[in-house]
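K.L.:
I have a structure I would like to understand better, so I am pasting it below and will then ask my questions one at a time.
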Amino acid sequence: MRHIDNYGIMNYSFFDTIDYLRTGNNNQQRVYEVLQQSRIMDILHPFTPILTGTFPLDINVSGSDLDIVCCFSDKEKFIEIVQANFASNKQFCLSFKDNNIVIANFIFMDTEFEIYATNVPVKEQNAYIHMINEYKLLNKFGADFKAKIILLKQNGMKTEPAFAHLLELKGDPYKAMLNINDIL
């Protein structure tokens, strides 16, 4: 799933929409349908939603959720829209971290969703940066590396710790995965 522009530079804009899922593997096509049925990307459009995490990278395992990052300029308006559109879903929960982070969790069509929103542009959020860095690593190290990541995840390891483990990165794996330019 390499996307290179006319200048030979890696291009990640295909992650800006969910269209790439439509032609992906069976899991990605199912995710596309769930996202379409939920209308979540349309509803959250004013907040520049991007699906991040394991499904875009095809490293999801049983129990993986759909992670959607958003950016708001008006936190109260964001909360109002999320509650109005998703509060009726199973296990809906709204939580807050610090003063500028809103997290909404729920289940739709037997699929777990997590919406993470803050006032930071989505492409500057850690979840997005992690996904792009993981995408680069998966492309660089290939199928065997990907299989090892999936195996670690199947054995209970979270995504960033799995990457950090295989790359022998030291310290906090979430911080380490933000700064991997020397590996790439």
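Numbering (my numbering), first residue to last: 55 to 238. Using N, Cα and C, we set each Cβ at its ideal position, and we do this for glycine too. Predicted model, so just to flag it, every value in this text is computed and none were measured.
1) How many Å lie between D198 and L206 at the Cα?
2) Going along the chain, which unbroken runs of the beta strand (DSSP E) with 3 or more residues stay wholly within the segment 122-181?
3) Taking buried to mean at least 16 other C-beta atoms within 10 Å of its own C-beta, is N235 buried or exposed?
4) Which of the three DSSP states, helix, strand or coil, is assigned to I104?
5) Taking the straight line between their C-alpha atoms, what separation do you get for D128 and F101?
6) Could you say which of Q145, D96, S116 and A138 lies nearest to I122 if we only look at CA atoms?
7) Which of the three DSSP states, helix, strand or coil, is assigned to L223?
8) I'd like to know whether the C-beta atoms of F167 and L120 end up nearer to each other than 8 Å.
9) Is it buried or exposed for A138, if we count other Cβ within 10 angstroms and need 16 for buried?
10) Going along the chain, which residues of its own chain have a beta-carbon closer than 6 Å to the beta-carbon of M185, five neighbours each way excluded?
11) Does DSSP put N60 in a helix, in a strand, or in coil?
12) According to DSSP, is L191 part of a helix, a strand, or is it coil?
13) What does a CB cutoff of less than 6 Å around I183 pick up in its chain, not counting 5 residues either side in sequence?
14) Any idea what DSSP makes of L206, helix, strand or coil?
15) If you check the beta carbons only, do C125 and N81 fall under 8 Å apart?
16) Does the beta-carbon of I94 have 16 or more other beta-carbons within 10 angstroms, so that it is buried, or is it exposed?
17) From which residue to which residue does the alpha helix (DSSP H) around V85 run?
18) If you draw a straight line from the C-alpha of A218 to the C-alpha of I161, how long is it?
P.N.:
Reading it off the structure:
1) 12 Å
2) 144-151, 155-162 and 165-172
3) exposed
4) strand
5) 10 Å
6) D96
7) coil
8) yes
9) exposed
10) T106
11) Note that N60 has pLDDT 40, beneath the 50 cutoff, so the model's placement of it is unreliable and the number below is only indicative. N60 falls in the coil class under three-state DSSP.
12) helix
13) L232
14) helix
15) no
16) buried
17) N80 to S92
18) 29 Å
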